[in-house]
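Below is one structure; the comments refer to it alone.
Protein chains: 2
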Amino acid sequence: MIRTKDKGSAAERELIHMFWENSWAAMRAAGSGSTQHPSPDVIAGNGMRRVAIECKSVGDDKKYISKDEMIQLLLFSHTFGAEAWIGIRFSGRKWFFLNPEDLSETDKSHLVSEKIAEMKGLSFEEMINGF
Amino acid sequence: MIRTKDKGSAAERELIHMFWENSWAAMRAAGSGSTQHPSPDVIAGNGMRRVAIECKSVGDDKKYISKDEMIQLLLFSHTFGAEAWIGIRFSGRKWFFLNPEDLSETDKSHLVSEKIAEMKGLSFEEMINGF
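Residue numbers (the working numbering), protein chains in the order written: chain A, 1 to 131; chain B, 1 to 131.
Right under this line is the structure:
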């Protein structure tokens, strides 16, 4: 059985590779808990744009993102000078990229379902080409 | 005895903290070997500038940086759109920041000595204030 954490790391490494294949530089963050400061999972740039991405690899058809995670992503992105994105990869599907404001908000978290991702998410190519 | 790797991680965490204290966002990279792609040890930005830093924590009075490490740093920085810096912390001293071209070049590596760091290096404050 593949642990969720390993699956997440493998998905992030795949994403890093996709960026470099498209002439963007990308790097993965050290594991969360490494410092008490906010950090996205992946940061990438191409000399013109910078993107900070919170990555979710999902077995289910939906994923909750805590308000705290979202605040940390927005704080990092705003301070660094990068666009904030949620990158989500449902099992057996390609990546979707969503703007934080496209997620459904509940009391304690933000929800991204496969349906929302299909409706509002961008593909990797659309995201890096600035659609 | 503190392992070199742990010492390096502690120094990087200290640097991350210094950036945030000065209203820059900073993040540490996942351990090298995580992907085959170039990655600096630390990346930081403040909405205006971005810096990619190769960090060295040094017990000795000098440190060699391999040509390959330097090429990887320059490749990442150029592709991402960030300034490339070597951050070096000799035991019991503050950080020095050097431009890659300020290091002495030997056949197989670049050398940064405490003497070179004192002559050509910037303090953290000088580096973030763009001296």
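Glycine included, each C-beta is placed from N, C-alpha and C at the ideal position.
Beta-ladder partner(s) of residue i, from DSSP
i: B/R50; result: B/G45
i: B/L111; result: B/Y64, B/S104
i: B/F97; result: B/G87, B/L122
Simplified DSSP state of residue i, which is helix, strand or coil
i: A/G87; result: strand
i: A/A29; result: strand
i: A/S57; result: strand
i: A/W20; result: helix
i: A/S9; result: helix
i: A/S77; result: helix
i: A/Q72; result: helix
i: A/A117; result: helix
i: B/M1; result: Confidence at B/M1 is low in this model, with a pLDDT of 48, below 50, so its placement is unreliable and no value can be given for it.
Reference residue i; option with closest CA among the options
i: B/S39; options: B/N46, B/K62, B/A30, B/E12; result: B/A30
i: A/L139; options: A/G92, A/K108, A/L75, A/I128; result: Nothing about residue 139 of chain A can be reported from this structure: the residues present for chain A run from 1 to 131 only.
i: B/E101; options: B/K120, B/K108, B/K115, B/G92; result: B/K120
i: A/E114; options: A/S91, A/L73, A/D107, A/F124; result: A/S91
i: A/G45; options: A/L15, A/Q72, A/F19, A/D107; result: A/F19
i: B/K67; options: B/W95, B/S109, B/I86, B/H17; result: B/S109
i: B/H37; options: B/H17, B/L74, B/S123; result: B/L74
i: B/R93; options: B/L111, B/S123, B/I86, B/M70; result: B/S123
i: A/E69; options: A/L111, A/E125, A/M48, A/D61; result: A/L111
i: B/L103; options: B/E125, B/I65, B/W24; result: B/I65
i: A/A126; options: A/R13, A/A11, A/A10, A/N22; result: Sequence check: residue 126 of chain A is Glu here, not Ala. If we check each option's Cα against that of A/E126, A/N22 comes out closest.
i: A/W135; options: A/I86, A/T106, A/M48; result: Lying outside 1 to 131, the shown extent of chain A, residue 135 of chain A is not represented and no answer is given.
Contact set for residue i: own chain, Cβ-Cβ below 8 Å, skip 5 residues either direction
i: A/I43; result: A26, M27, A29, R50, V51, A52, I53, F80, A82
i: A/M1; result: Residue placement at A/M1 cannot be trusted, given a pLDDT of 48 that sits under 50; the coordinates are not used to answer.
i: A/S77; result: P40, A52, E83, A84
i: B/A117; result: I88, F90, F96, L98
Spatial neighbours of residue i in its chain, beta-carbon cut-off 6 Å, leaving aside the 5 residues before and after
i: A/K56; result: K63, I88
i: A/G130; result: none
i: B/D61; result: E114
i: A/G59; result: S91
Close beta carbons around residue i, own chain, < 7 Å, minus the five adjacent residues each side
i: A/K7; result: S57
i: B/A11; result: C55, S57, R89
beta-carbon residue i near the ligand HEM non-hydrogen atom, thresh 6 Å
i: A/W24; result: Inclusion of the ligand HEM in the displayed structure is not the case, the ligand content being empty and no account of it being possible.
What are the residues in the segment 64-97 of chain B lying within 9 Å of chain A by C-beta distance? Within the segment 64-97 of chain B, those residues whose Cβ lies closer than 9 Å to any Cβ of chain A are, in chain order, L75, F76, S77, H78, T79, F80, G81, A82.
Got a sec: which bits of the segment 31-57 of chain A sit with their beta carbon under 8 Å from any beta carbon on chain B, in order along the chain? Taking 8 Å as the Cβ-Cβ cut-off, the segment 31-57 of chain A approaches chain B at G31, S34, T35, H37, P38, S39, P40, I43, A44, G45, N46, G47, M48, R50, given in chain order.
Contact set between the segment 10-29 of chain A and chain B, restricted to residues whose Cβ is under 9 Å from the partner: Within the segment 10-29 of chain A, the qualifying residues are E12, R13, I16, H17, F19, W20, S23, W24, A25, A26, M27, R28, A29.
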